[in-house]
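Student: Chains as they are written, first to last, in the numbering used here: chain A, 108 to 391; chain B, 108 to 391. After the C-alpha cells below, expect a handful of questions from me.
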C-alpha cells in the first residue's frame with residue numbers, strides 16, 4: 108500500500124475520522140523529519156500496535172528559541188517519505204507552518220513545573236512549543252496511541268503529565284533510545300557533527316555508562332557521581348557541559364542519595380552542536 | 108426525569124461516552140453556580156438544541172486572582188441543583204477542587220493576545236484559569252455544543268479562539284445577556300450589592316445605551332463617545348470606572364473611528380463589587 112501524504116488539517120481529520128469510525132486503532136508518531144533509526148523504531152513499534160499509523164513531519168517553529176537552529180534544521184521530505192513508508196506509515200502528514208500556525212494563532216499549552224527545569228531552564232518556551240503542537244496533532248488525529256523516544260525523556264514526561272491534566276484520551280508509549288554501534292544516541296542533530304566531533308560525541312554515552320556502573324557498584328552519593336561524570340566529560344577538549352543532572356525520573360528533582368530508579372540526564376555541546384542523552388538506572 | 112448528579116471525572120466521562128455512543132447530541136453549560144436568569148437562559152437554550160444537557164457547577168480557583176473573591180463567591184448547591192434541573196439539565200457535574208486540580212496538576216492553556224487586554228490586563232491569569240478548566244471539561248464531556256453568556260464577551264471570544272487554534276470539536280454558542288427590568292445585567296456578583304448600590308449599578312447599562320444612541324445618531328469619534336460615557340458614570344458617586352473600552356468586536360483592539368460593528372465594554376466598581384457589561388452596536 109502506498110503512503111497517503113496529506114498536508115491540510117481538514118484532510119487529516121477526515122482520514123482519521125474515517126479510520127476511527129471503521130473501528131481501526133490509530134497510532135500517531137509526531138516527528139520533525141530528518142528521520143533516523145530512532146524515528147524508524149517509533150514507527151515500527153506503532154505499526155506493531157495499531158491498524159493505522161499516522162506519521163507527522165513538521166519542523167515546529169514554536170519549539171525553537173530565537174537563537175536556535177530552526178532555519179538550518181535538516182529537511183529532506185523525499186527521503187523521509189520513503190523511510191516513513193518503508194517502516195509502516197499509512198498516512199504521512201506534512202503541513203506548512205501557515206497551516207499549523209495561521210495568522211492570528213495565539214493559544215498555547217504550558218506546563219509550569221516539569222517544563223521549567225533542565226531543558227526548560229536552558230530552552231525557555233521549548234516545551235510550550237512541543238505541548239502546543241502535540242495537542243493540536245492529538246486533537247486533529249485523536250489517536251489511540253502516540254509514540255515518543257526516550258532520548259527526549261523530559262519531553263515524554265511533560266506530555267504524559269499534559270495528557271493526565273487535560274484528560275486527553277491517548278496512551279503515550281515511550282520507546283527506548285536507539286544508539287549507533289559506538290553508543291552515540293541517534294539524533295537528527297548528529298548530522299551537524301564533523302568527523303572528529305563525531306568521535307568526541309561518544310563522551311555522552313560513555314559518561315552515562317560510567318554513572319550506571321557507579322550506581323550498580325553501590326555508589327549512593329549523587330554528587331560524587333555527578334562530579335565523576337563531569338570530570339570524565341571535561342577530559343574531552345571538544346566537549347562543553349551544559350548540565351549533568353541526577354534526578355528522580357518521575358519529578359526530575361535532583362537527588363542527593365541514590366534510591367530506587369535514578370535518571371542521569373545530560374546535555375553536552377560538541378563544537379556548535381547541542382547533544383542530549385539520558386539513562387535510567389535501577390539500583391540493584 | 109431526575110437530574111443525575113456526578114462529582115468524579117470517571118463518572119462524567121462514562122455518562123458522556125454512553126450518550127455519545129447512543130448517538131445523542133451533547134450540550135455543555137459550564138457555570139460557577141449561584142445560578143441566575145442568565146445561566147437559566149443558557150441551560151434552556153442548550154435544552155432546545157441538544158439531547159443531553161450537562162451543566163457543570165465548579166467555582167474554579169484558577170480563574171480568581173489572589174486578592175479576588177474566590178472564598179466569598181456565593182455557593183448554594185441545593186438551590187442550584189433544583190434550578191438547573193428545572194431548566195432542563197440532565198447531568199449535573201459538581202466536582203471538588205481536588206478532583207479538578209489534584210496534587211501535581213501543572214498544565215495550563217494560555218492565550219497570549221485576546222486574553223492579554225481588557226479583563227486580561229486587569230485580572231492577570233484570569234483567562235488562563237478559564238481556558239484551562241473549559242478545556243478540561245471539553246475533554247471529559249466531548250460535547251457537540253457549549254454555551255457561554257455574552258455578558259462575558261471577551262471570555263467567549265477567547266474560548267472561540269482556543270477552539271479554533273487547538274482544533275477542538277465543539278461548537279460555541281453565545282447567548283444574549285439577560286437583564287433585570289431596570290437594565291442591570293444579571294450576575295452572581297449582584298448578590299454583593301446593598302440596596303442603594305443596586306440603584307447605582309444601573310449606571311452600567313444606562314451608559315451603554317447612551318453609547319448606542321450616539322453611534323446610531325451618527326457619532327463616529329470613539330474618543331468622544333468614551334468621554335461622554337465616562338462623564339456620565341462619574342456623576343454616580345458610588346461608581347468607580349475601571350475601564351470603558353470602544354473596540355473591534357473580533358480583535359478587541361480599540362478603535363478611533365466607528366465603522367461596522369463596535370463593542371462597548373466596561374467595568375465599573377460599585378462600592379466593593381466589580382461589575383462588567385457590554386453591548387455590540389452595528390452602525391446603521
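The beta carbon of each residue, even a glycine, is placed where N, CA and C say it ideally should be.
So which of B:130, B:191, B:185, B:170 has the shortest CA-CA distance to residue 152 (chain B)?
Tutor: With distances taken between Cα atoms, residue 152 (chain B) lies closest to B:191.
Student: Whose C-alpha, out of A:364, A:181, A:132, A:374, is nearest the C-alpha of residue 260 (chain A)?
Tutor: Per the Cα distances, A:374.
Student: Can you pull the chain A residues whose beta carbon is under 7 Å from the beta carbon of residue 215 (chain B), in chain order?
Tutor: Neighbours of residue 215 (chain B) on chain A, chain order: 217, 219.
Student: Going along the chain, which residues of its own chain have a beta-carbon closer than 6 Å to the beta-carbon of residue 138 (chain B), five neighbours each way excluded?
Tutor: Only 146, 164 meet the Cβ criterion.
Student: In chain A, which residues lie with their C-beta within 8 Å of the C-beta of residue 212 (chain B)?
Tutor: The answer, in chain order, is 272.
Student: What are the uninterrupted segments assigned as beta strand (DSSP E) that are 3 or more residues long and contained completely in the stretch 119-201 of chain A, given in chain order?
Tutor: Whole beta strand (DSSP E) segments, 3+ residues: 133-138, 159-164, 198-200.
Student: Taking the alpha carbon of residue 357 (chain B) as the point to measure from, which residue in B:136, B:345, B:351, B:372 has its own alpha carbon closest?
Tutor: When only C-alpha atoms are compared, the closest one is B:372.
Student: Are the CB atoms of residue 204 (chain B) and residue 162 (chain B) within a distance shorter than 8 Å?
Tutor: Result no, Cβ atoms of residue 162 (chain B) and residue 204 (chain B) do not sit closer than 8 Å.
Student: Using DSSP's beta-bridge definition, name the partner residues of residue 206 (chain B).
Tutor: Residue 206 (chain B) pairs with nothing; no bridge assigned.
Student: If contact means a Cβ-Cβ distance below 7 Å, which residues of the stretch 357-381 of chain B contact chain A?
Tutor: Within the stretch 357-381 of chain B, no residue has a Cβ that lies closer than 7 Å to any Cβ of chain A.
Student: Is there at least one Cβ from chain A nearer than 8 Å to residue 247 (chain B)'s Cβ?
Tutor: At least one chain A Cβ lies under 8 Å of residue 247 (chain B).
Student: Return the residue from the list B:279, B:306, B:269, B:275 that minimises the CA-CA distance to residue 287 (chain B).
Tutor: If we check each option's Cα against that of residue 287 (chain B), B:306 comes out closest.
Student: Going by DSSP, what residue range makes up the alpha helix (DSSP H) through residue 228 (chain A)?
Tutor: Here the alpha helix (DSSP H) through residue 228 (chain A) covers 226-229.
Student: Could you say which of B:243, B:160, B:299 lies nearest to residue 269 (chain A) if we only look at CA atoms?
Tutor: Out of B:243, B:160, B:299, B:243 has the C-alpha closest to the C-alpha of residue 269 (chain A).
Student: Examine chain A for any beta-carbon lying closer than 8 Å to the beta-carbon of residue 261 (chain B), and answer yes or no.
Tutor: For residue 261 (chain B), the answer is no, since every Cβ of chain A falls outside 8 Å of its Cβ.
Student: Should residue 219 (chain B) be labelled buried (16 or more other beta-carbon atoms within 10 Å of its own) or exposed?
Tutor: Residue 219 (chain B) comes out exposed.
Student: Taking a contact to mean a Cβ-Cβ separation below 8 Å, would you say residue 317 (chain A) touches residue 390 (chain A) in this structure?
Tutor: Taking 8 Å as the Cβ cut-off, residue 317 (chain A) and residue 390 (chain A) do not qualify as a contacting pair.
Student: Cβ atoms of residue 376 (chain A) and residue 337 (chain A): under 8 Å apart, would you say?
Tutor: No.
Student: Between which two residues does the alpha helix (DSSP H) holding residue 341 (chain A) run?
Tutor: From DSSP, the alpha helix (DSSP H) with residue 341 (chain A) extends over 329-341.
Student: Measuring straight from C-alpha to C-alpha, what distance separates residue 328 (chain B) and residue 227 (chain A)?
Tutor: Going by the C-alpha atoms only, they are around 47 Å apart.
Student: Between B:150, B:110, B:125, which has its C-alpha nearest residue 280 (chain B)'s C-alpha?
Tutor: Nearest C-alpha to residue 280 (chain B): B:150.
Student: Mind checking who residue 406 (chain B) pairs with in its DSSP beta bridge?
Tutor: Here chain B has residues from 108 to 391 only, and residue 406 (chain B) is not among them.
Student: Tell me which residues share the same chain as residue 388 (chain A) and place their Cβ nearer than 6 Å to its Cβ, disregarding the 5 neighbours each side in the sequence.
Tutor: Contacts found: 319, 322, 369.
Student: Could you tell me which of B:382, B:182, B:332 sits nearest to residue 363 (chain B), measuring between CA atoms?
Tutor: When each option's Cα is compared against that of residue 363 (chain B), the closest is B:332.
Student: Consult DSSP for residue 385 (chain A) and reduce its assignment to one of helix, strand or coil.
Tutor: Strand.
Student: With a cut-off of 8 Å, does the C-beta of residue 243 (chain A) fall near any C-beta of chain B?
Tutor: Judged by the 8 Å Cβ criterion, residue 243 (chain A) is in contact with chain B.
Student: Check distances from the C-beta atoms of the stretch 298-326 of chain A to those of chain B and list, in chain order, the residues that come in under 7 Å.
Tutor: Answer in chain order: no residues at all.
Student: Using a C-beta cutoff of 8 Å, does residue 268 (chain A) count as contacting chain B?
Tutor: Yes, residue 268 (chain A) counts as interfacial toward chain B.
Student: With a 10 Å radius around its C-beta and 16 neighbouring C-beta atoms as the bar for buried, classify residue 438 (chain A) as buried or exposed.
Tutor: Here chain A has residues from 108 to 391 only, and residue 438 (chain A) is not among them.
Student: Taking the straight line between their C-alpha atoms, what separation do you get for residue 310 (chain B) and residue 179 (chain B)?
Tutor: Going by the C-alpha atoms only, they are around 25 Å apart.
Student: With 8 Å set as the bound, which would you pick, yes or no: does the beta-carbon of residue 199 (chain A) sit closer than that to a beta-carbon of chain B?
Tutor: Closer than 8 Å: no.
Student: Counting beta carbon pairs with one atom in the stretch 377-384 of chain A and one in the stretch 111-128 of chain B, are three or more of them shorter than 8 Å?
Tutor: The stretch 111-128 of chain B is not in contact with the stretch 377-384 of chain A.
Student: Could you pull the start and end residues of the alpha helix (DSSP H) that residue 244 (chain A) belongs to?
Tutor: Where residue 244 (chain A) is concerned, the enclosing alpha helix (DSSP H) stretches over 233-248.
Student: Nearest-angstrom Cα distance between residue 195 (chain B) and residue 158 (chain B)?
Tutor: C-alpha separation (whole angstroms): 10 Å.
Student: I think residue 167 (chain A) touches residue 275 (chain B), with their Cβ atoms under 8 Å apart; what is that distance to the nearest whole Å?
Tutor: Between residue 275 (chain B) and residue 167 (chain A) the Cβ distance is about 19 Å, and since that is not below 8 Å, they are no contact.
Student: Under 8 Å, do residue 201 (chain A) and residue 114 (chain A) count as touching if we go by C-beta distance?
Tutor: Cβ atoms of residue 201 (chain A) and residue 114 (chain A): closer than 8 Å.
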